[in-house]
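There are 4 protein chains.
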Amino acid sequence: MNEGECSAHADHAADCGGPRRRDKEATKRALLDAARSVFAERGFDAATTREVAGRAGLNEQLIQRYFGGKAGLLEALVESYGREEEADAASLPPLAETLEAEIEAMLSHEVGRCWERRELAKVVMDRALVDPEVARRMAEAAEGCRAARLQERLETFRARGAIAADLDLCAIAQGIATLGFGLGFLDRVVFDGCPRRTDEILRAQARVLAGGLRPQP
Amino acid sequence: MNEGECSAHADHAADCGGPRRRDKEATKRALLDAARSVFAERGFDAATTREVAGRAGLNEQLIQRYFGGKAGLLEALVESYGREEEADAASLPPLAETLEAEIEAMLSHEVGRCWERRELAKVVMDRALVDPEVARRMAEAAEGCRAARLQERLETFRARGAIAADLDLCAIAQGIATLGFGLGFLDRVVFDGCPRRTDEILRAQARVLAGGLRPQP
Amino acid sequence: MNEGECSAHADHAADCGGPRRRDKEATKRALLDAARSVFAERGFDAATTREVAGRAGLNEQLIQRYFGGKAGLLEALVESYGREEEADAASLPPLAETLEAEIEAMLSHEVGRCWERRELAKVVMDRALVDPEVARRMAEAAEGCRAARLQERLETFRARGAIAADLDLCAIAQGIATLGFGLGFLDRVVFDGCPRRTDEILRAQARVLAGGLRPQP
Amino acid sequence: MNEGECSAHADHAADCGGPRRRDKEATKRALLDAARSVFAERGFDAATTREVAGRAGLNEQLIQRYFGGKAGLLEALVESYGREEEADAASLPPLAETLEAEIEAMLSHEVGRCWERRELAKVVMDRALVDPEVARRMAEAAEGCRAARLQERLETFRARGAIAADLDLCAIAQGIATLGFGLGFLDRVVFDGCPRRTDEILRAQARVLAGGLRPQP
DNA sequence: CATGAATGAGAGTTCATTCAT
DNA sequence: GATGAATGAACTCTCATTCAT
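Protein chains in written order, with the numbering used here: chain G, 51 to 267; chain D, 51 to 267; chain Z, 51 to 267; chain U, 51 to 267.
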């Protein structure tokens with residue numbers, strides 16, 4: 051509680067040089083963390099600023115100060131969702147050896163990411179259901195980042211002759227992206243599905259899809 | 051109770067002279083219709099019983115009387131979702147000629163149904179995000195009805211020799227079901243995607259999947 | 051439930067000659083009994099007509115029909131309180147042999163009556179606290195019936211020379227009446243006092259009062 | 051907190067310029083005063099927090115803030131009743147010269163106190179009628195404070211030889227306490243009796259009781 | 001900068017009652 | 001005559017937010 055002055059923030063201890071420096075950023079981050087957690091648990095509308103502040107161990111008033119209110123907190127979270135999606139698209143694993151391994155890896159990666167970001171994803175989906183603007187941004191992240199990147203990678207395989215020339219890779223990439231999100235977010239996060247079962251489904255799909263993409267003799 | 055006297059009331063229009071009174075079933079239906087609409091639009095938590103009653107053209111208190119409150123209204127909707135899913139599983143189109151046509155038809159059928167039931171689906175998804183019990187029931191409906199039926203139909207095709215013997219059809223059916231729901235509910239309903247685009251994706255997937263399922267020489 | 055037609059009313063079976071005769075009076079009585087019980091238990095304001103009707107096994111609407119509403123039910127109870135007080139004043143035990151025995155008997159009688167009528171007394175007191183008109187009628191019953199009767203009996207003892215001539219028997223009778231009601235209603239009914247303890251107090255007071263009333267040499 | 055700055059606030063008059071704000075203790079006191087008044091007037095159940103806040107000239111929400119709701123306000127009042135009873139028992143007038151004067155003084159003191167605390171007493175009695183726990187606490191205050199103190203004083207008179215040795219002074223003290231409360235609260239406060247008449251009754255009782263307590267030759 | 005005090009709006013629910021069957 | 005349906009009013013309480021210290 052009272053070791054120095056920045057002790058409350060367990061992780062990003064960073065440099066607390068000045069007597070009260072950087073508290074502002076740490077406070078904002080603590081509020082966002084708490085909000086993500088509370089919003090995910092209760093839904094945005096049912097969540098209260100009191101609980102958010104309480105979970106962050108901070109005064110309720112700071113939400114007003116730093117985010118202009120509950121809505122501002124949400125906006126910041128939605129923004130961070132978009133940013134993380136972009137960041138993630140830039141850090142994909144290297145291309146796999148075979149097409150089947152590649153599809154499996156992409157699906158698996160997507161499922162894993164949905165799980166890691168499950169709180170944020172729940173918050174954003176919760177709002178997307180009622181706020182078209184949020185839905186638009188969520189769709190953009192899905193299509194612009196995930197599907198686009200996926201398509202690029204499939205094009206590479208086509209260049210190697212592993213995929214039939216007459217297929218609409220854009221549509222196929224979108225289908226696979228939708229499947230990945232469906233498996234990762236809906237089945238695993240929302241429906242609390244068994245991870246092993248998801249893996250089986252994912253592998254079966256990868257095998258069939260790879261088979262279907264291959265140029266037929 | 052008996053035929054005649056306002057028995058239909060499909061769209062609670064005041065088509066029987068006086069203010070639509072003294073018809074318990076019609077009243078309940080009107081409230082459920084209004085609730086589905088309002089809950090889908092605003093989300094359950096943000097929706098108010100006042101607006102539900104207003105949209106139904108009925109007194110707010112009747113929600114308490116017939117459903118025991120706002121929560122009872124929701125419960126009735128969630129129940130009706132499950133019931134409709136079951137009913138739907140019993141009224142599928144006949145098997146298609148080719149495997150590709152079959153997969154395309156099933157995906158298309160699922161997408162269409164998601165669109166027809168979009169309000170109810172939004173309401174249930176909205177709750178599934180915060181209430182594990184609702185999530186469980188939603189998952190059950192998806193797997194028990196959709197995927198199971200799909201698997202049966204694929205088995206028929208396998209019996210005809212159109213599908214390789216060593217494939218895990220259960221996992222594949224689940225994957226296709228997830229894809230269908232993803233395309234129908236997420237892409238079309240939530241993300242407001244273009245119907246034609248969804249169709250293209252759906253057809254591309256059907257073609258690739260059918261190709262991949264076929265016994266390889 | 052269905053033995054004949056008047057089976058529901060256990061006590062006043064009386065003559066149920068006609069097919070539905072006397073049901074009206076029995077219904078009113080059943081409602082009053084239930085109301086007395088519910089009002090005493092919860093207080094008038096917190097009691098609901100629903101519970102009253104439920105406890106009587108009758109339709110809520112009959113309260114409106116027969117008593118004009120919840121307030122009418124109360125009015126009927128307050129009236130019956132006054133009537134019972136009067137009736138009681140007319141059926142006192144015969145004069146005791148000694149003055150001490152007489153005072154003890156009167157106090158004891160009052161305490162017993164408070165206990166028998168405890169529900170009704172609670173209802174009336176509950177209203178007397180907030181409604182001056184009810185308070186007036188309750189005071190009238192106390193003074194006009196109890197104290198007046200008590201004074202008469204003390205006068206008889208004075209005529210026999212058992213009470214000093216210069217005492218204000220009216221004031222003394224009122225004091226004893228107040229004591230009796232205090233012991234019977236407050237101590238026993240409201241404060242749930244032990245009956246034996248009340249008896250001891252009552253006997254001690256009777257002895258001291260009788261001693262003090264006796265003409266001093 | 052400290053002296054100066056609106057420390058008194060005896061009658062929440064806006065005597066410190068701005069609208070009586072930012073003074074927690076004064077706010078709580080004003081709410082309690084208003085609640086006592088409103089609850090006494092209407093009864094707890096019929097009273098509304100709106101009227102309490104209105105009479106205090108404060109926002110309704112502060113009742114939630116400081117007392118956790120309407121029930122908390124009541125609890126605070128019931129507690130204060132117990133505390134005041136105790137405090138009062140510690141500040142009795144000195145022993146009178148004669149036994150008769152002593153009994154008269156005690157009765158008179160009790161009646162006076164009932165009158166001063168009439169609002170609070172009505173509130174507590176109102177609840178004691180329906181809440182056994184409140185009744186228990188009220189009985190405790192009556193017996194533990196009033197009767198016990200009275201018995202002590204009578205013992206002193208017995209030690210002086212003014213009271214017969216064989217009398218049960220505990221029972222007699224309880225009887226006199228009940229009489230005092232009956233005269234003060236029931237007759238005067240509830241039944242709105244005439245103060246002079248109460249005095250007459252009280253004096254007559256004191257005379258008779260004193261006579262009866264005296265050792266008989 | 002940070003915090004306790006204060007506030008207005010509004011939600012769900014309960015209740016006694018009136019309306020028609 | 002009796003019963004279910006319907007209704008408007010009101011209440012307590014919660015919440016996000018603004019005001020001052």
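Glycine is no exception: its CB is placed at the ideal position from the N, C-alpha and C atoms.
Keep in mind the model is a prediction, meaning the values are calculated, not measured.
- Comparing alpha carbon positions, the residue from K74(D), A121(D) and E75(D) closest to A85(D) is A121(D).
- When the beta-carbon positions are compared, G262(D) and G262(G) come within less than 7 Å of each other.
- The criterion of a C-beta distance shorter than 7 Å is not satisfied by A223(U) and L259(U).
- Comparing alpha carbon positions, the residue from E134(U), S87(U), K78(U) and F207(U) closest to R115(U) is K78(U).
- The region 166-175 of chain Z makes contact with the region 227-243 of chain Z, as at least three CB pairs between them are under 8 Å.
- By the criterion of a C-beta distance shorter than 7 Å, R105(D) is surrounded in its chain by A84, S87 and V88, once the five residues flanking it on both sides are discounted.
- In this structure, the alpha-carbon of L82(Z) lies about 7 Å from that of L127(Z).
- At a beta-carbon threshold of 8 Å, none of the residues of chain Z lie near Q111(U); the nearest stands roughly 24 Å away.
- For D176(Z), a Cβ of chain U is located within less than 7 Å of the residue's own Cβ.
- For R167(D), the secondary structure class from DSSP, reduced to helix, strand or coil, is coil.
- A direct Cα-to-Cα measurement between E135(G) and E125(G) gives close to 16 Å.
- Here R92(U) is near V180(Z), since their CB atoms are less than 7 Å apart.
- Listed in chain order, the positions of the region 198-226 of chain D with a beta carbon within less than 8 Å of a beta carbon of chain G are L217, D218, A221, I222, Q224 and G225.
- Between the C-alpha atoms of L145(U) and A146(Z) there is a straight-line separation of about 37 Å.
- For F235(U), there is no enclosing alpha helix (DSSP H), as DSSP marks it with neither H nor E.
- The beta carbon of T248(G) sits closer than 7 Å to those of V161, L233, D237 and R238, all from its chain and outside the five residues before and after it, given in chain order.
- Against chain Z, the beta carbon of M156(U) has no neighbour under 9 Å; the closest one sits roughly 14 Å away.
- In the structure shown, the three-state DSSP call for Q114(U) is helix.
- The Cβ atoms of A256(G) and I153(G) sit closer than 7 Å to each other.
- Annotated three-state conformation of E147(G) is coil, per DSSP.
- I213(D) and C220(D) have their C-alpha atoms roughly 13 Å apart.
- Distance from the CA of P265(G) to the CA of R168(G), rounded to the nearest whole angstrom, comes to 37 Å.
- Going by C-alpha positions, A90(G) is about 56 Å away from C195(U).
- Looking only at A76(U), D216(U) and L142(U), the smallest Cα-Cα distance to M156(U) is reached by L142(U).
- Within its own chain, the residues whose Cβ lies closer than 7 Å to the Cβ of A197(G), once the five positions on either side in sequence are excluded, are A223, Q224 and A227, listed in chain order.
- CA-to-CA, the gap between A191(D) and E75(Z) works out to about 57 Å.
- Here the C-alpha atom of T148(D) lies approximately 29 Å from the C-alpha atom of T148(G).
- For R187(D), the closest alpha carbon among the candidates P267(D), G107(D), R133(D) and R246(D) is that of R133(D).
- Restricted to the region 172-240 of chain Z, the alpha helix (DSSP H) segments that are unbroken, complete and at least 4 residues in length are 182-190, 198-209 and 219-231, listed in chain order.
- In summary, the residues of the region 250-261 of chain D whose CB is separated from some CB of chain G by less than 9 Å are E250, I251, L252, R253, A254, Q255, R257, V258, L259, A260 and G261, in the order they occur in the chain.
- For T98(U), there is no enclosing alpha helix (DSSP H), as DSSP marks it with neither H nor E.
- For D181(G), the closest Cβ of chain D is not nearer than 7 Å.
- At a cut-off of 7 Å, the C-beta of R92(Z) has a neighbouring C-beta in chain U.
- Annotated three-state conformation of L142(D) is coil, per DSSP.
- Here the C-alpha atom of E150(U) lies approximately 18 Å from the C-alpha atom of L229(Z).
- When secondary structure is reduced to three states using DSSP, R264(G) falls in the coil class, being assigned neither helix nor strand.
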